[in-house]
Amino acid sequence: MTEVSRLPKPVSASWEWQQQGACRTLPTDMFFHPENERGPRRKAREMAAKAVCNSCPVIAQCRAHALAVQEPYGIWGGLSEEERIEIISRSQRRGIYSVS
568 MTEVSRLPKP
578 VSASWEWQQQ
588 GACRTLPTDM
598 FFHPENERGP
608 RRKAREMAAK
618 AVCNSCPVIA
628 QCRAHALAVQ
638 EPYGIWGGLS
648 EEERIEIISR
658 SQRRGIYSVS
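Taking my numbering, the leading residue of the sequence shown gets 568, the next gets one more, and so forth.
(1) Can you give the beta carbon distance from residue 641 to residue 599, rounded, assuming they're within the 8 Å contact cut?
(2) Along the chain, where does the alpha helix (DSSP H) containing residue 649 start, and where does it finish?
(3) Assign residue 638 to one of two classes, buried (16 or more other C-beta atoms within 10 Å of its C-beta) or exposed (fewer than that).
(4) If I measure Cβ to Cβ from residue 590 and keep anything under 8 Å in the same chain, skipping five residues before and after, which residues do I get?
(5) Residue 633 and residue 643 - do their beta-carbons sit closer together than 8 Å?
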């Protein structure tokens with residue numbers, strides 16, 4: 568579960584970037600896997616979601632948000648859950664990224 572203490576304060580300026588997201592009008596199930604989705608079906612869905620992210624004008628903000636709050640589910644900023652975990656773990660080992 569997302570640790571609420573890491574979430575940004577509810578200031579509209581903190582969230583305005585989301586209004587420009589390429590994913591804004593797309594179905595959420597494109598970015599969040601259904602229970603027990605595995606193998607080729609999951610890979611295909613993730614690739615389609617990442618293609619949307621790759622053309623998104625706010626990919627950097629989205630990725631930064633997902634890493635900062637450690638979003639546990641879905642494709643955010645072109646990264647899967649596993650990719651975000653790896654980045655955070657690698658950064659923590661190097662002492663670059665500190666998670667309180």
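For every residue, glycine included, the Cβ atom is placed at its ideal position computed from N, Cα and C.
What you are looking at is a predicted structure, and each value in this text was computed from that prediction instead of being measured.
With the given structure in hand:
(1) The C-beta distance from residue 641 to residue 599 rounds to 4 Å, short enough to fall under 8 Å.
(2) It spans 648 to 661 - the alpha helix (DSSP H) in which residue 649 sits, taken as one unbroken run.
(3) By the neighbour-count rule (16 or more Cβ atoms within 10 Å), residue 638 is buried.
(4) Excluding residues within five positions, the ones whose Cβ falls inside 8 Å are 597, 598, 616, 619, 620 and 623.
(5) Yes, they are a contact pair.
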